[in-house]
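K.L.:
The structure is given below, and queries will be raised subsequently.
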Amino acid sequence: MGKCVDAAPVVQDGRIYVGSHAGLFACISLENGIFEWVQSKAFEGDRIEAAATVIPGAILIGTLRGILYCLDRENGDVIWRFDTGGAIKSSPTFVACQNSIILASHGRRLYLIAIPEPGCQPSVRWNASLDSSGIVAKVVCSSIAKLAFTCTLKGSIFASHLSSGQFSKVEKE
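The opening residue of the sequence shown carries number 1 in UniProt numbering; numbering runs sequentially from there.
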């Protein structure tokens, strides 16, 4: 993979997906260990530090330059990209009930991004700066409560409403 691999591999549908600091992202057959495809051109050497996220028909990869890439799972071609303006050090979270992605950035923002129709670009449903610190931990969601929970580098935990992005700090009593 050219350089070190910090990102945990993701296993889905008989394939392993993994990225490296060399800006390589690979799809490997779980059955025989053969590389099915490798994407390197899109990343231009940009580091991948977080595990990818599999969504229907595609895979999402964040980079240290702050670009979220959506690749075709069959061939690794870039479907679309989204610039967060800050390093992406955590895996995107798929929010199936809204056909969206929650994405945190070291650039101090949390985004809810609508997954676009084929041929279109993603759109931001909302974004928020929670406590003016970076976010490197994966955001987790509750589809029942319709909340996203985010931890920041300042040690805060926030609950954000998926529909509006309104957030509140989670405090212990």
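For every residue, glycine included, the Cβ atom is placed at its ideal position computed from N, Cα and C.
Are the Cβ atoms of K41 and S20 separated by less than 7 Å?
P.N.:
In this structure, S20 does not lie closer than 7 Å to K41 by Cβ.
K.L.:
Using a threshold of 7 Å, state whether the C-beta atoms of F167 and A128 are closer than that.
P.N.:
Against a cut-off of 7 Å, the Cβ pair of A128 and F167 comes out as a contact.
K.L.:
Can you tell me the Cβ-Cβ gap for L71 and I55, rounded? I've got them flagged as a contact below 8 Å.
P.N.:
Contact doesn't hold; Cβ gap of about 10 Å is too wide.
K.L.:
What is the DSSP secondary structure of A87, reduced to helix, strand or coil?
P.N.:
Reduced to three states, the DSSP call for A87 is coil.
K.L.:
Is it buried or exposed, I101, if we count other Cβ atoms within 10 angstroms and call 16 or more buried?
P.N.:
It counts as buried.
K.L.:
With DSSP as the reference, please indicate the residues paired to A42 in a beta bridge.
P.N.:
None, per the DSSP bridge assignment.
K.L.:
Can you tell me which residues form a DSSP beta bridge with Q12?
P.N.:
DSSP output for Q12 lists R15 as bridge partner(s).
K.L.:
Should the segment 156-171 be regarded as contacting the segment 113-121, the criterion being three or more beta carbon pairs within less than 8 Å?
P.N.:
No, they do not touch.
K.L.:
Determine, using beta carbons only, whether A52 and I59 come nearer to each other than 7 Å.
P.N.:
Cβ distance < 7 Å, so A52 and I59 count as in contact.
K.L.:
Could you work out which residue in V139, I16 and G23 is closest to I34 when comparing CA atoms only?
P.N.:
Looking at the Cα atoms, I16 is the closest of the given residues.
K.L.:
Just to confirm my understanding: we take A104, look at its own chain, exclude 5 residues before and 5 after, and list those with CB closer than 7 Å. What are they?
P.N.:
So the list reads S90, L110, I135, V139 and T150, once near-sequence residues are dropped.
K.L.:
Can you grab the Cα-Cα spacing for the pair L112 / D46, in whole Å?
P.N.:
Cα to Cα, the separation comes out at about 23 Å.
K.L.:
What would DSSP say about A96, mapped onto helix, strand or coil?
P.N.:
Residue state, collapsed to three classes: helix.
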